[in-house]
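Below is one structure, written out as structure tokens; the observations come after it.
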């Protein structure tokens, strides 16, 4: 399982691995929003948490169809299913690799892009915290969606449609946590709910995703 | 330990492809599966290794006794030959010895990216994974595709070595495999087409 995680990171970092795609997309969203909304800093500051969360979520979505499809195409998935590694562990490693290569860079650049959106500096820690706690759920839900749509031609659209509604709770609690912090309200509840969502996803979805992969390989 | 398959029914999708497949393989024996295209050789191999469910029948060995190499090579083009193999060695919990690379003439390609290999070289790399698996039964699907005569010789030697150690092999092939003395024509097990198909199923066929 560790070998699989390391291999996926290695592939992502090599040329054509798609390591920078998500960050580039996140950058585009956060740069263009001020142009679209207008230069009113008060408005920008108010919507900044939502935009950051939305941008991160869409950037995550961008790389989801690659989670299993490449391994499916080149026969690696067949070999992994017949290998001594349980499929659930494969899903965990794959979702983990997706989080490290696609979501973690977003968490790192979010403070910088927050400046573009006139995000109050005091709210930066809570933005980072909420993204750190919330994005693993996005990766695992995404891996589940990718497992469900495995082997379907042009499965990307179906994947987005399947996954987006499942992303809504994470988005709501993430953005609410940041917004409540901005208005000096307690953030404990949304952060705890966010953490609960993430933990539940990582506990339950590997089994569902593994079952979906086994069915789709037939 | 012998491989004994009895009255196995294989399906592709929900359609029966082969029925009543019965054969046995003893240690040191390699069995070649032959038959025209589409008869179900791949389906039979995938059923043996547990990638597809069977519809009745029995296989004496569990799926984790098989090492399966399908049409695709399970090779990552962004990694080198050595990185590809050491990954599989880690997955199978075995050690990557240089002898595996040498036996398939991959030693000189050790640090080359798989993206820069020819299709025959990729096939050899794919087959090297099987040698790493340390499993008693090799299930190989068209292993000679893309291989030149010299490489086929290497493959023969590799399988022969596995058999000499008491291993078994089931090989779907159209080519001659010198070490596989026993040949099973899969077309004799061809399943009857289903007599009646409901309209609901028909929409998906």
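Chains as they are written, first to last, in this note's numbering: chain A, 986 to 1203; chain B, 1154 to 1358. Every residue, glycine too, gets a C-beta built ideally from N, C-alpha and C.
Per DSSP, residue 1233 of chain B forms a beta bridge with which residues?
Locating residue 1233 of chain B in the second chain gives position 80, where the first residue counts as 1. DSSP, once it has assigned bridges, lists B/1266 as partnering residue 1233 of chain B.
For the stretch 1043–1055 of chain A, enumerate the residues whose C-beta is nearer than 7 Å to any C-beta of chain B, in chain order.
none
Whose C-alpha, out of B/1332, B/1181, B/1171, is nearest the C-alpha of residue 1156 of chain B?
If you number the second chain from 1, residue 1156 of chain B lands on position 3. For residue 1156 of chain B, the nearest C-alpha among the options comes from B/1181.
Closer than 7 Å, CB to CB, is residue 1081 of chain A near chain B or not?
Against the first chain, residue 1081 of chain A aligns to sequence position 96. Chain B, which has no Cβ nearer than 7 Å to the Cβ of residue 1081 of chain A, makes this no.
The beta strand (DSSP E) enclosing residue 1291 of chain B, as first and last residue numbers:
For the purposes of this step, residue 1291 of chain B is taken as the residue at position 138 of the second chain. Segment 1290–1294, the beta strand (DSSP E) holding residue 1291 of chain B.
Hey, quick one: how far does the alpha helix (DSSP H) through residue 1336 of chain B stretch, first residue to last?
For the purposes of this step, residue 1336 of chain B is identified with residue 183 of the second chain, where counting begins at 1. It is not in any alpha helix (DSSP H) - residue 1336 of chain B instead sits in the beta strand (DSSP E) that spans 1335–1338.
Evaluate residue 1301 of chain B with the Cβ neighbour count: other Cβ atoms within 10 Å of its Cβ, from every protein chain shown; 16 or more gives buried, anything less gives exposed.
Within the second chain, numbered from 1, the residue matching residue 1301 of chain B stands at position 148. Exposed is the call here.
Mapping the DSSP letters down to three states, classify residue 1287 of chain B as helix, strand or coil.
On the second chain, position 134 is the one that residue 1287 of chain B refers to. In the structure shown, residue 1287 of chain B sits in coil (DSSP, three-state: anything other than H, G, I, E or B).
Would you mind reading off the limits of the beta strand (DSSP E) that contains residue 1162 of chain B?
Here residue 1162 of chain B is taken as the residue at index 9 of the second chain, counted from 1. Residues 1156–1165.
Who are the near neighbours of residue 1144 of chain A in its chain, counting only those whose CB is closer than 7 Å to its CB and skipping five residues on each side?
Sequence index remark: in the first chain, residue 1144 of chain A carries index 159 (1-based). Cβ neighbours of residue 1144 of chain A beyond the five flanking positions: 1049, 1050, 1130, 1131, 1134.
Tell me the start and end of each unbroken alpha helix (DSSP H) in the stretch 1008–1092 of chain A that is at least 4 residues and wholly inside, in chain order.
1026–1047, 1051–1058, 1061–1066, 1072–1083
Is any beta-carbon of chain A found at less than 7 Å from that of residue 1231 of chain B?
For the purposes of this step, residue 1231 of chain B is taken as residue 78 along the second chain, with counting starting at 1. Cβ-Cβ to chain A under 7 Å: yes for residue 1231 of chain B.
As an exercise, report each continuous alpha helix (DSSP H) stretch of at least 4 residues that is fully enclosed by the stretch 1198–1226 of chain B, in chain order.
none
Residues in the stretch 1205–1229 of chain B having any Cβ partner in chain A nearer than 9 Å:
1205, 1206, 1216, 1217, 1219, 1220, 1221, 1222, 1223, 1224, 1225, 1226, 1227, 1228, 1229
Nearest residue (CA-CA) to residue 1266 of chain B, options A/1203, A/996, A/989, A/1011
Taking the second chain and counting its residues from 1, the one referred to as residue 1266 of chain B is at position 113. It is A/996.
In terms of alpha-carbon separation, which member of B/1299, B/1298, B/1331, B/1325 lies closest to residue 1311 of chain B?
Counting from one through the second chain, the residue named residue 1311 of chain B turns up at place 158. Nearest of B/1299, B/1298, B/1331, B/1325 to residue 1311 of chain B, Cα basis: B/1331.
Going by C-alpha distance, which of B/1228, B/1194, B/1218, B/1177 is nearest residue 1339 of chain B?
Working through the second chain from its first residue, we reach residue 1339 of chain B at position 186. Nearest of B/1228, B/1194, B/1218, B/1177 to residue 1339 of chain B, Cα basis: B/1194.
Under 8 Å: do the stretch 1282–1298 of chain B and the stretch 1221–1228 of chain B share three or more Cβ pairs, one atom per stretch?
yes
Under 7 Å Cβ to Cβ from residue 1084 of chain A, same chain only, skipping five residues before and after it: list those, please.
Numbered from 1 along the first chain, position 99 holds the residue referred to as residue 1084 of chain A. Answer for residue 1084 of chain A: 1120, 1121, 1124, listed in chain order.
Let me see if you follow: with CB-CB separation under 7 Å, is residue 993 of chain A close to chain B or not?
Residue numbering aside, residue 993 of chain A sits at position 8 when the first chain is read from its first letter. Output row for residue 993 of chain A: interface = no.
Partners in chain B for residue 1070 of chain A, counting only beta-carbon separations shorter than 7 Å
As a working mapping, residue 1070 of chain A is identified with position 85 in the first chain. Going along chain B in sequence order, the residues near residue 1070 of chain A (Cβ under 7 Å) are 1244.
Given a cut-off of 7 Å, decide if residue 1128 of chain A and residue 1076 of chain A are closer than it, judged by their beta-carbon atoms.
Reading the first chain from its first residue, position 91 is the one you call residue 1076 of chain A. Reading the first chain from its first residue, position 143 is the one you call residue 1128 of chain A. In contact: residue 1076 of chain A and residue 1128 of chain A (Cβ atoms closer than 7 Å).
Residue 1296 of chain B beta carbon near the ligand GDP (any heavy atom closer than 6 Å):
For the structure depicted, the ligand GDP is absent and the ligand set is empty, with no information on it obtainable.
Pull up the CB-CB distance for residue 1014 of chain A and residue 1040 of chain A, whole angstroms please, since I reckon it's below 8 Å.
The residue you call residue 1014 of chain A lines up with position 29 of the first chain. The residue you call residue 1040 of chain A lines up with position 55 of the first chain. 4 Å between Cβ atoms; contact.
Rounded to whole angstroms, what is the Cα-Cα separation between residue 1160 of chain B and residue 1187 of chain A?
Residue mapping note: residue 1160 of chain B aligns to position 7 of the second chain, counting from 1. Residue mapping note: residue 1187 of chain A aligns to position 202 of the first chain, counting from 1. The alpha-carbon atoms of residue 1160 of chain B and residue 1187 of chain A are separated by roughly 41 Å.
Compare the C-beta of residue 1202 of chain A against all C-beta atoms of chain B and say whether one is closer than 7 Å.
For the purposes of this step, residue 1202 of chain A is identified with residue 217 of the first chain, where counting begins at 1. It does; some Cβ of chain B falls within 7 Å.
With 16 other Cβ atoms within 10 Å as the buried cut-off, status of residue 1097 of chain A
Taking the first chain and counting its residues from 1, the one referred to as residue 1097 of chain A is at position 112. So residue 1097 of chain A ends up on the exposed side.
Note the first and the last residue of the continuous beta strand (DSSP E) segment covering residue 1185 of chain B.
In the second chain, the residue the question calls residue 1185 of chain B occupies position 32. From DSSP, the beta strand (DSSP E) with residue 1185 of chain B extends over 1183–1187.
Output needed for residue 1189 of chain B: all residues of its chain with C-beta closer than 8 Å, excluding positions within five of it in sequence on either side, in chain order.
Within the second chain, residue 1189 of chain B is the residue found at index 36, counting from 1. Closer than 8 Å at the Cβ level, and outside the excluded window around residue 1189 of chain B, lie 1340.
Is the stretch 1088–1095 of chain A touching the stretch 1146–1155 of chain A in the sense that three or more CB pairs, one from each, lie closer than 8 Å?
no
Closer than 7 Å at the beta carbon, the chain B residues around residue 1066 of chain A
For the purposes of this step, residue 1066 of chain A is identified with residue 81 of the first chain, where counting begins at 1. Within chain B, the residues near residue 1066 of chain A are 1204.
Could you check where the beta strand (DSSP E) with residue 1175 of chain B kicks off and where it finishes?
Translated into the one-based positions of the second chain, residue 1175 of chain B becomes position 22. Unbroken beta strand (DSSP E) run through residue 1175 of chain B: 1168–1178.
Can you find a C-beta in chain A that's less than 7 Å from the C-beta of residue 1240 of chain B?
Within the second chain, residue 1240 of chain B is the residue found at index 87, counting from 1. It does; some Cβ of chain A falls within 7 Å.
Hey, out of B/1247, B/1269, B/1294, B/1211, whose CA is closest to residue 1328 of chain B's CA?
Your numbering for residue 1328 of chain B matches position 175 in the second chain. For residue 1328 of chain B, the nearest C-alpha among the options comes from B/1294.
Comparing the C-beta of residue 1183 of chain A with each C-beta of chain B, is any distance below 7 Å?
Position 198 of the first chain, counted from the first residue, corresponds to residue 1183 of chain A. Not one chain B Cβ lies under 7 Å of residue 1183 of chain A.
Opening and closing residue of the beta strand (DSSP E) in which residue 1323 of chain B lies
In the second chain, counting from the first residue as 1, residue 1323 of chain B sits at position 170. First-last of the beta strand (DSSP E) with residue 1323 of chain B: 1321–1325.
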